[in-house]
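Enquirer: The numbering of the sequence shown is the numbering used here, which starts it at 828 and goes up by one.
All C-beta atoms in this analysis are idealised placements derived from N, C-alpha and C, irrespective of residue type, glycine included.
Here's a structure for you.
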Amino acid sequence: MNALLTRLPLSVEDYMLPCFSKQILGVDCPGCGLQRSVALLFQGDFIAAFHMYPAIYTIIPLLGLLLADTFFKIPNINKIVIVLMMLSVGLILGNYILKFI
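Shown next, in the form of structure tokens:
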């Protein structure tokens, strides 16, 4: 079984979805880089993940809080979620604008 697993070239990059905006229009979308950023996080390259998609560090806690809130009622979560959402949108738009400068 171990010999079979070592022969299979499994890589996260092989299963990434293509960006249709980039393929059709030739322009990056605001979400371009998110999948590669997550792959870099799994590899432990935190700085490269930030350079690839800076909003990854606000999206992950946001998703974690929303998931935790489904199981446990967290007080004042609405304010925390709104702040994290605003930071995420700001980082996504700022990164998107900087790509064109």
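So the candidates are I904, M843, G871; which of them puts its Cα closest to the Cα of Q862?
Expert: M843
Enquirer: Kindly indicate the opening and closing residues of the alpha helix (DSSP H) around P888.
Expert: 883-898
Enquirer: Rounded to whole angstroms, how far is the Cβ of T885 from the Cβ of L925, which I believe are closer than 8 Å?
Expert: That pair is no contact at about 16 Å.
Enquirer: Report the rounded CA-to-CA distance for I851 versus P902, giving the unit in angstroms.
Expert: 45 Å
Enquirer: Just to confirm my understanding: we take I849, look at its own chain, exclude 5 residues before and 5 after, and list those with CB closer than 6 Å. What are they?
Expert: Reading off the sequence, residue 849 comes out as Lys, not Ile. Excluding five sequence positions before and after K849, the CB atoms of its chain that fall closer than 6 Å to its own CB belong to D855, given in chain order.
Enquirer: What number of angstroms, rounded off, separates the C-alpha of Y923 from the C-alpha of F898?
Expert: Rounded to whole angstroms, the gap between the alpha carbons of Y923 and F898 is 34 Å.
Enquirer: Apply the 10 Å Cβ neighbour rule to L911 and answer buried if 16 or more other Cβ atoms are within range, or exposed otherwise.
Expert: Under this definition L911 is a buried residue.
Enquirer: Check Y842 in the structure and name its three-state DSSP category.
Expert: helix
Enquirer: With a cut-off of 8 Å on the beta carbons, I'd call L892 and I907 a contact; round off their distance for me.
Expert: 6 Å
Enquirer: Return the CA-CA distance between G871 and V865, expressed in angstroms with no decimal places.
Expert: 10 Å
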